[in-house]
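Here the structure is laid out as structure tokens; the discussion comes afterwards.
There are 2 protein chains.
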Amino acid sequence: MNSKEDKDLSRLCIHTITTKPWQIEEAAKNFAEAGVEGITVWRDALEGRNIKLTGKLLREHDLTIVSLCRGGFFPAKDLNKRKLAIDDNRRAIDEAVELGTSMIVLVCGADPSQPLEESRKQIRDGIAAILPEAAVAGVKLAIEPLHPMYADTRSAINTLAQANDLAEGLNSPSVGVAIDVYHVWWDPSLEKEIKRCGANGNLLAFHICDWKVPTSDLLLDRTLMGEGCIPIKQIRSLVEAAGFTGFNEVEIFSTEYWKYDQAEFLKKIITAYKEHS
Amino acid sequence: MNSKEDKDLSRLCIHTITTKPWQIEEAAKNFAEAGVEGITVWRDALEGRNIKLTGKLLREHDLTIVSLCRGGFFPAKDLNKRKLAIDDNRRAIDEAVELGTSMIVLVCGADPSQPLEESRKQIRDGIAAILPEAAVAGVKLAIEPLHPMYADTRSAINTLAQANDLAEGLNSPSVGVAIDVYHVWWDPSLEKEIKRCGANGNLLAFHICDWKVPTSDLLLDRTLMGEGCIPIKQIRSLVEAAGFTGFNEVEIFSTEYWKYDQAEFLKKIITAYKEHS
Numbered sequence: 004m005n006s007k008e009d010k011d012l013s014r015l016c017i018h019t020i021t022t023k024p025w026q027i028e029e030a031a032k033n034f035a036e037a038g039v040e041g042i043t044v045w046r047d048a049l050e051g052r053n054i055k056l057t058g059k060l061l062r063e064h065d066l067t068i069v070s071l072c073r074g075g076f077f078p079a080k081d082l083n084k085r086k087l088a089i090d091d092n093r094r095a096i097d098e099a100v101e102l103g104t105s106m107i108v109l110v111c112g113a114d115p116s117q118p119l120e121e122s123r124k125q126i127r128d129g130i131a132a133i134l135p136e137a138a139v140a141g142v143k144l145a146i147e148p149l150h151p152m153y154a155d156t157r158s159a160i161n162t163l164a165q166a167n168d169l170a171e172g173l174n175s176p177s178v179g180v181a182i183d184v185y186h187v188w189w190d191p192s193l194e195k196e197i198k199r200c201g202a203n204g205n206l207l208a209f210h211i212c213d214w215k216v217p218t219s220d221l222l223l224d225r226t227l228m229g230e231g232c233i234p235i236k237q238i239r240s241l242v243e244a245a246g247f248t249g250f251n252e253v254e255i256f257s258t259e260y261w262k263y264d265q266a267e268f269l270k271k272i273i274t275a276y277k278e279h280s
Numbered sequence: 004m005n006s007k008e009d010k011d012l013s014r015l016c017i018h019t020i021t022t023k024p025w026q027i028e029e030a031a032k033n034f035a036e037a038g039v040e041g042i043t044v045w046r047d048a049l050e051g052r053n054i055k056l057t058g059k060l061l062r063e064h065d066l067t068i069v070s071l072c073r074g075g076f077f078p079a080k081d082l083n084k085r086k087l088a089i090d091d092n093r094r095a096i097d098e099a100v101e102l103g104t105s106m107i108v109l110v111c112g113a114d115p116s117q118p119l120e121e122s123r124k125q126i127r128d129g130i131a132a133i134l135p136e137a138a139v140a141g142v143k144l145a146i147e148p149l150h151p152m153y154a155d156t157r158s159a160i161n162t163l164a165q166a167n168d169l170a171e172g173l174n175s176p177s178v179g180v181a182i183d184v185y186h187v188w189w190d191p192s193l194e195k196e197i198k199r200c201g202a203n204g205n206l207l208a209f210h211i212c213d214w215k216v217p218t219s220d221l222l223l224d225r226t227l228m229g230e231g232c233i234p235i236k237q238i239r240s241l242v243e244a245a246g247f248t249g250f251n252e253v254e255i256f257s258t259e260y261w262k263y264d265q266a267e268f269l270k271k272i273i274t275a276y277k278e279h280s
């Protein structure tokens, strides 16, 4: 059987950062050969490359380019830094268009030298500032709530309720939400907020991985589905019940797995995807 | 000026774990000499000691024994383990009585091999099981919501809203809530939930420390007030506006500070307390 015919993988997407040791050309070839149908591209993977040609290459491998990761990081106490962040987000929109993807994931940012409320305001203002360009470009901005352990420097949007509030407040067809099980699994309001997100047409993306027990690093110790304690299948069923029909995107930052032979790791990802998500 | 007359310190309490390298007798003497008026005792600090005599010693230093840390860890997939946990919590109540304190802080626990909802049910049942003994002993049980990054093994109660729900549901004068800035500072509902906690008479304890930027360890990398990004003064003012008049308890787990000369560290704690809380 040609692995491309394996329907189990028809909604599997892998983030380039997941197999970070691979160059994007190598990742694309290997993903495609394994039957993976989606890829989310991290901006660092595009460095030094012609973005249009890279997009073309990915499509030649029959890969759907699910999203560009990542825009955001809007808050800064310093006005000039906030302007630079908005410029950078406009560049991300251009890059998304060149690459040929219709979604950018936003890691919203936070500045620990100012109150969270201030960072939250600047996030809203930053997204509002780039909305016109996003709309013209046909690119959707997916606000990803980040785990509260990242509230210091990575995101002041730490719950799905906040992301829903923000998306609803901006009230634009170009803004929605990306749900990553790693960030939201602990949330007692999860079921309610997933329903709300879907009901309002804001559920744009779904990221999966697992929470390792114990976790030794706040950022780079995620693990494969089934190797941790997140009820991934249950969350996926909530997301699908809320109307989501997009890709299940495997996004794993793991110092440990990056040391592995990446071809072996890809096999493990596919097995874990089939069995535990 | 006798440091005991320094009114700034009249509501300062330090947890024995904060100056972990000191034996409790040494901590008591040094806290008292520095003008600190409260101590919270971790159970490990009592190991191999006569608890009554230790309590007497602390009182001879004019220290108020604010609480015993910690009970809890109720959830377990295995029924026998849950029974053992309840037995251990009953022992904690006995120890609190022997020590002469009227409060036990509960770190509620979580078992990553079962759903969070199940752990939450077992926490409620566990507290309900020991409530009669707590009431007879005159010991209050303070439910401490823990940061969501501890939802895997330390606590399935991860927001102040959940702790408030749980305390209100149990509806007993022997149950309340302990608020630690480290666990709740990120929460967009914080102000509302602190008000609710105070209004319902459930605000029993207030713990302070700071969130280091960056944080290198999920458990043992807390820092001194003023050295991180938590708006401690603001949260303290919310807690006091909600009617809290108890001690401000310094609870810092820090591999780094435990390596310091503890007498120097104590001076730093006092300065940080005066300037940043």
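Residue numbers (this note's numbering), protein chains in the order written: chain X, 4 to 280; chain V, 4 to 280.
Quick reminder that beta carbons are idealized off the backbone N, C-alpha and C, glycines included.
- 9 Å or more divides the Cβ of R199 of chain X from the Cβ of N161 of chain X.
- Against chain V, a Cβ distance below 8 Å from T218 of chain X picks out M152, D155 and L221.
- The C-alpha of S13 of chain X is placed about 8 Å away from the C-alpha of G38 of chain X.
- For V184 of chain X, the uninterrupted alpha helix (DSSP H) segment begins and ends at V184 to V187.
- Going by DSSP, N205 of chain X is part of no alpha helix (DSSP H) at all; its letter is neither H nor E.
- Look at N53 of chain V here: in three-state DSSP terms it is coil, with no helix or strand label.
- Along the segment 163-174 of chain V, the positions whose C-beta sits under 9 Å from a C-beta of chain X are A164, Q165 and D168, read in chain order.
- Here the alpha carbons of G58 of chain V and E29 of chain V stand approximately 14 Å from one another.
- In the DSSP annotation of this structure, L227 of chain X is not part of any alpha helix (DSSP H), being labelled neither H nor E.
- Residue burial annotation: L56 of chain V is exposed, with fewer than 16 other C-beta atoms found within 10 angstroms of its C-beta.
- A distance below 9 Å separates the beta carbons of D183 of chain V and I211 of chain V.
- Rounded to whole angstroms, the gap between the alpha carbons of Q165 of chain V and V69 of chain X is 36 Å.
- Remark: fewer than three beta-carbon pairs, one from each stretch, lie closer than 8 Å, so the segment 220-230 of chain X and the segment 18-29 of chain V are not flagged as touching.
- For E252 of chain V, the enclosing beta strand (DSSP E) stretches over residues N251 to V253.
- In terms of Cβ geometry, A138 of chain V and S177 of chain V form a close pair [threshold 9 Å].
- Straight through space, the alpha carbons of S280 of chain X and L102 of chain V are spaced by roughly 50 Å.
- At a cut-off of 9 Å, the C-beta of R225 of chain X has no neighbouring C-beta in chain V.
- Fully enclosed beta strand (DSSP E) runs of no fewer than 3 residues occupy 41-45 of the segment 19-67 of chain V, in order along the chain.
- Runs of the alpha helix (DSSP H) spanning 4 or more residues and lying entirely within the segment 90-162 of chain V occur at 119-140, in chain order.
- Cα atoms of G201 of chain X and S257 of chain V: separation of roughly 42 Å, rounded to the nearest angstrom.
- Separation of the CB atoms of S175 of chain X and C111 of chain X is rounded to 16 Å, and the pair is thereby denied contact status at 8 Å.
- A contact between stretches requires three or more CB pairs, one per stretch, nearer than 8 Å, and the segment 234-248 of chain V meets this requirement with the segment 204-222 of chain V.
- Annotation for L173 of chain V: R127, I130, A131 and L134 place their beta carbon closer than 8 Å to its own, counting only its chain and skipping 5 residues before and after.
- Scanning V:I27, V:L241, V:A35 and V:G179 for the CA closest to the CA of L193 of chain V turns up V:L241.
- In this chain, the alpha helix (DSSP H) harbouring R239 of chain V covers I235 to A244.
- Looking at X:R46, X:R52 and X:D65, the one whose alpha-carbon comes closest to that of E36 of chain X is X:D65.
- The beta carbons of E121 of chain X and I54 of chain X sit no closer together than 9 Å.
- Counting along the chain, K271 of chain V sits inside the alpha helix (DSSP H) bounded by residues Q265 to H279.
- Residue nearest to L207 of chain X within the set X:F34, X:F76 and X:I146 is X:I146 (criterion: CA-CA distance).
- What N161 of chain V touches in chain X, judged by beta-carbon distance under 9 Å, is P151, W189, D190 and P191, going in chain order.
- Residue-level contact by beta carbon holds for P115 of chain X and chain V, with a gap shorter than 9 Å.
- With respect to the 9 Å criterion, I107 of chain X and K84 of chain X are not classified as neighbours on the basis of their beta carbons.
- No residue range can be given for W214 of chain V, since it is assigned to no alpha helix (DSSP H) and is classified by DSSP as neither H nor E.
- DSSP lists no beta-bridge partner residue for A79 of chain V.
- Under the Cβ distance rule, L119 of chain X counts among the residues neighbouring chain V, one pair being separated by less than 9 Å.
- Look at R73 of chain X here: in three-state DSSP terms it is strand.
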